[in-house]
Amino acid sequence: MVEFSMANAEAFIDEDDEEPGEEIESAPPLNVGEEREINSNGLKKKLLKLGHAWETPEFGDEVTVHYDGILLDGTKSVSTRDKGEPVTFKLGQEKVAAGLDCGIVTMRKGETALFTLPSDTGFGSADSDEVSWNSVVQYEVELISWIRVVDICKDGGIIKKIMEKGELIGPPGDLDEVLVRYEVRQLDGVTVAKTPEHGEEFYVKDGLFCQALPKAIKTMRKGEKVNLIVQPQYASVDGGVDSENGVPSILPSSILSIDLELVSFKPVINVTGDLGVLKKILKEGEGTLTANEGASVTIRYTAKLEDGTLFEKRGFDGEDALKFITDEEQVITGLDQAVTTMKKGERAIVTVKPDYGFGSTEVKRDLAMVPPCSTIIFEVEMLEFAKEKDTREMNKHERIEVAQRKKDEGNLLFKDGKYQRAMKKYEKAVDYINEDEPFEDDDQRIVKSLRLSCWLNSAACCLKRNEFQEAIKHCSKVLEVESCNVKALYRRAQAFMETADLHLAELDIKKALEIDPENREVKLIQKTLKQLQAESNKRDAKLYTTMFTRLSNENSSAAKRLKVEETDSKNEENVGEINMR
């Protein structure tokens, strides 16, 4: 038998970037009876029979094939068909012939092809002693099937063999709830753990049995069945497994074989990004559209505390469903934000933490009291919704009308002290009349006035919310368009005073009074500014006095030390002279 090392196999790989077995880029598929060189090392492939589907195996996969090894003179060197059964091996280990694997990775299930392996790269049969080192050998290969093999952690610790493919749904994430079935065996075949027939449900992030399971599940699709070979570092179970009904526990050094099926899973969406609102989808909705901000929605729901106490329900037992407009604070923030992610017909469990619910307040609802700092669990169904009309669907006049209406709504909210909601209205108003599309002259004047008004009002909201840098940004937008806008100078000066940028505040006030010398509000903050400047000057004077005093003391101490050192030095010199005498 002729043996070939991996070095011989590596000789098949050219120094170019071409992947082993890669067909010539952009080459059309082979027709039956057609032959072509499929890589730069001279490997030829002749298609004898078309395969099924479109997938091909990859290096590392386990393939099952029939093959005949044939010399160019027609002599058959080896044949699995003569032995009556196909062979199974892992691609990339050159089990049949060095280089043949590079051809098999181009094949589809059920395909038969004839591969010609050139002699100058050291190809030959690994199964026949009759083949010389430099013989040109042909292999007629039928790809019966293959099992995809995945090294999940890239360290050989969890090897996954896909026994049955799943649907195009998944894989699940850390937050998702999954239903699985599994059976765990040691390598001697002894079963050490097994789920009930109906399976076991858990959240991926919480883990189950051993750490290999959640890692594998995050690579699987719904309905997929796999076999896992798990090394000891991923097979350990916290506290060990005290087996019931005579099933033995797992030793720390055990290698496990796990048959695992991902039966189903419920996606869990982190709505707010901070785990404050989680949505677990129980039933997928229709289509792809979801309710957006400003949409009119109709939902039915039940609301419970974590202990199961039902405190509210709508849309059941003859009651009317709840209708509201999203992003209008008509329901608690958590429910509002979750609903904007839902499709028509979708049903979900929405878990709302206190910061997105009723906070630290005790609230009386229809069926029970909600204690302070309660986590709330809604089961919600989206019955229907109507999205707010998109700006792209409007003509210019409609966009101006909607922008004006949004601005007016913002003004009402501002008067009610709802500054954040007012800011959102102003932002939406500006979005409807953005600068991407030009308006006619008459409309342009209206649009300019609306933009400036919304930016100024947003700055006022920011001042109320102590968001001074944002206030400065909004005022600066106005001043870029209208440099002599007294309101923008006035509000930016207020923000500068709050951020202790007194010099910048002084410049804005000075300019505002040059434009409008009698402006009462500007004069008032000028007085405030002068007081702040006086206080700042006093602090600075005190600071500098302290600094100078400290420096003076340090200099005095240094001078005294120097005099002492000079006196000591002279005394030493005098003593030295006396000793010399």
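Per our numbering, the very first residue in the sequence shown carries number 47; after that it's consecutive.
For glycine and all other residues, C-beta sits at the position ideal for the given N, C-alpha and C.
Please classify Ser171: is it buried, with 16 or more other beta-carbons within 10 angstroms of its beta-carbon, or exposed?
Counting from 1 along the sequence shown, the entry for residue 171 is found at position 125. Only weak support exists for where Ser171 lies, its pLDDT of 44 falling under 50; the value from the coordinates is given anyway. Counting the other Cβ atoms within 10 Å of the Cβ of Ser171 gives 16 or more, which makes it buried.
Extent of the continuous beta strand (DSSP E) run through Ser692:
There is no way to answer for residue 692, as the model of the chain reaches only from 47 to 627.
To the nearest angstrom, report how far apart Ile275 and Ile301 are at their CA atoms.
If you number the sequence shown from 1, residue 275 lands on position 229. If you number the sequence shown from 1, residue 301 lands on position 255. When rounded, the distance between both Cα atoms is 7 Å.
Beta-carbon separation of Gly269 and Glu213 under 7 Å?
Counted from its first residue, the sequence shown places residue 269 at position 223. Counted from its first residue, the sequence shown places residue 213 at position 167. Glu213 is positioned such that its CB atom lies closer than 7 Å to that of Gly269.
Name the residue from Glu229, Leu368, Pro217 whose alpha carbon lies nearest to the alpha carbon of Phe255.
Within the sequence shown, residue 255 is the residue found at index 209, counting from 1. Taking only the C-alpha atoms, the option nearest Phe255 is Glu229.
What does the alpha-carbon distance come out to for the pair Gln466 and Arg194?
Your numbering for residue 466 matches position 420 in the sequence shown. Your numbering for residue 194 matches position 148 in the sequence shown. Taking the straight line joining both Cα atoms gives about 53 Å.
Go ahead and label Cys530 buried or exposed: buried means 16 or more other beta carbons lie within 10 angstroms of its beta carbon, across all protein chains shown.
Here residue 530 refers to the residue found at position 484 when the sequence shown is read from its first residue. Exposed, by the Cβ-count rule.
What residue does the beta strand (DSSP E) around Ala159 start on, and which one ends it?
Translated into the one-based positions of the sequence shown, residue 159 becomes position 113. Following the DSSP letters along the chain, one finds Ala159 inside the beta strand (DSSP E) bounded by residues 158-163.
Reduced DSSP category for Lys350 - H, G, I as helix; E, B as strand; rest coil
Your numbering for residue 350 matches position 304 in the sequence shown. DSSP places Lys350 in strand when its eight states are reduced to three.
Reference Lys95; option with closest CA among Glu80, Lys390, Asp382
The residue given as residue 95 occupies position 49 in the sequence shown. Check the Cα spacing between Lys95 and each of Glu80, Lys390, Asp382: the tightest is with Glu80.
In its own chain, which residues sit with a C-beta less than 6 Å from the C-beta of Thr241, not counting the 5 before and 5 after it?
As a first step, residue 241 must be located in the sequence shown, where it is residue number 195. Within the same chain, Thr241 has close Cβ partners Arg227, Tyr228.
So for His549, helix, strand or coil by DSSP?
In the sequence shown, counting from the first residue as 1, residue 549 sits at position 503. In this structure, His549 counts as helix in the three-state DSSP scheme.
Using the rule of at least 16 other Cβ atoms within 10 Å of the residue's Cβ for burial, across every protein chain shown, is Asn85 buried or exposed?
Your numbering for residue 85 matches position 39 in the sequence shown. The residue is buried, with at least 16 neighbouring Cβ atoms inside 10 Å.
How big is the Cα-Cα spacing for Ile371 and Arg267?
Position 325 of the sequence shown, counted from the first residue, corresponds to residue 371. Position 221 of the sequence shown, counted from the first residue, corresponds to residue 267. The alpha-carbon separation between Ile371 and Arg267 amounts to approximately 37 Å.
According to DSSP, is His443 part of a helix, a strand, or is it coil?
Mapped onto the sequence shown, residue 443 falls at position 397. In the structure shown, His443 sits in a helix (DSSP, three-state: H, G or I).
Quick check on DSSP: helix, strand or coil for Glu176?
Along the sequence shown, one-based indexing puts residue 176 at 130. For Glu176, the predicted structure reports a pLDDT of 48, less than 50, and the residue's modelled location is therefore unreliable. A value from the coordinates is still provided. Looking at Glu176 - three-state DSSP - the assignment turns out to be coil, as it is neither helix nor strand.
Continuous alpha helix (DSSP H) stretch holding Asn232: start and end
Taking the sequence shown and counting its residues from 1, one reaches residue 232 at position 186. Reading off the sequence shown, one finds Gln at residue 232, where the question assumed Asn. Counting along the chain, Gln232 falls outside any alpha helix (DSSP H), though it belongs to the beta strand (DSSP E) covering 223-232.
By a C-beta neighbour count over all protein chains shown, 10 Å radius and 16 as the cutoff for buried, is Lys471 buried or exposed?
Here the question's residue 471 lines up with position 425 in the sequence shown. Only buried fits Lys471, as 16 or more other CB atoms lie within 10 angstroms of its CB.
So, for Lys435: in the same chain, excluding its five sequence neighbours on each side, which residues have a beta-carbon less than 7 Å away from its beta-carbon?
The residue given as residue 435 occupies position 389 in the sequence shown. Here the set comprises nothing.
In angstroms with no decimal places, state the Cα-to-Cα distance between Val343 and Pro278.
On the sequence shown, residue 343 is found 297 positions in, with the first residue counted as 1. On the sequence shown, residue 278 is found 232 positions in, with the first residue counted as 1. Pro278 has its alpha-carbon roughly 53 Å from the corresponding atom of Val343.
Taking Asp656 as part of the beta strand (DSSP E), name the residues at either end of that continuous run.
Missing from the structure shown is residue 656; the chain here goes from 47 to 627 and no further.
How long is the line joining the alpha carbons of Lys519 and Gln579, rounded to whole angstroms?
Position 473 of the sequence shown, counting from 1, holds the residue named residue 519. Position 533 of the sequence shown, counting from 1, holds the residue named residue 579. Roughly 24 Å separates the two Cα atoms.
Those residues which DSSP pairs with Arg393 across a bridge:
Within the sequence shown, residue 393 is the residue found at index 347, counting from 1. DSSP lists Lys329, Glu427 as the bridge partner or partners of Arg393.
Taking 6 Å as the line, does the beta carbon of Gly145 fall inside it for any heavy atom of the ligand PLP?
As presented, the structure is devoid of all ligands, the ligand PLP included, so that no description of it is given.
So is Trp192 buried or exposed if we call it buried at 16+ other beta carbons inside 10 Å?
Start at 1 with the first residue of the sequence shown, and residue 192 comes out as number 146. So Trp192 ends up on the buried side.
Check whether the Cβ atoms of Ala367 and Leu429 lie closer than 7 Å to each other.
For the purposes of this step, residue 367 is taken as the residue at position 321 of the sequence shown. For the purposes of this step, residue 429 is taken as the residue at position 383 of the sequence shown. Leu429 is positioned such that its CB atom lies closer than 7 Å to that of Ala367.
Starting from Glu81, follow the beta strand (DSSP E) in both directions and report where the run begins and ends.
Here residue 81 corresponds to residue number 35 of the sequence shown, with the count starting at 1. Start and end: 81-83.
For Asn87, is the classification buried or exposed, using 16 other Cβ atoms within 10 angstroms of its Cβ as the cut-off for buried?
Here the question's residue 87 lines up with position 41 in the sequence shown. Buried, by the Cβ-count rule.
Where does the unbroken alpha helix (DSSP H) through Lys629 begin, and where does it stop?
Here the chain comprises residues numbered 47 to 627, so residue 629 is not present and cannot be evaluated.
Straight-line gap, Ala281 to Ala143 (C-alpha atoms, nearest Å)
Working through the sequence shown from its first residue, we reach residue 281 at position 235. Working through the sequence shown from its first residue, we reach residue 143 at position 97. If you take the alpha carbons of Ala281 and Ala143, they lie about 36 Å apart.
N- and C-terminal bounds of the beta strand (DSSP E) containing Lys95
Here residue 95 refers to the residue found at position 49 when the sequence shown is read from its first residue. Boundaries of the beta strand (DSSP E) around Lys95: 90-95.
So Val448 and Ala384 are in contact, right, with Cβ under 8 Å, and what is the actual spacing, rounded?
Here residue 448 is taken as the residue at index 402 of the sequence shown, counted from 1. Here residue 384 is taken as the residue at index 338 of the sequence shown, counted from 1. Not confirmed; about 26 Å, so no contact.
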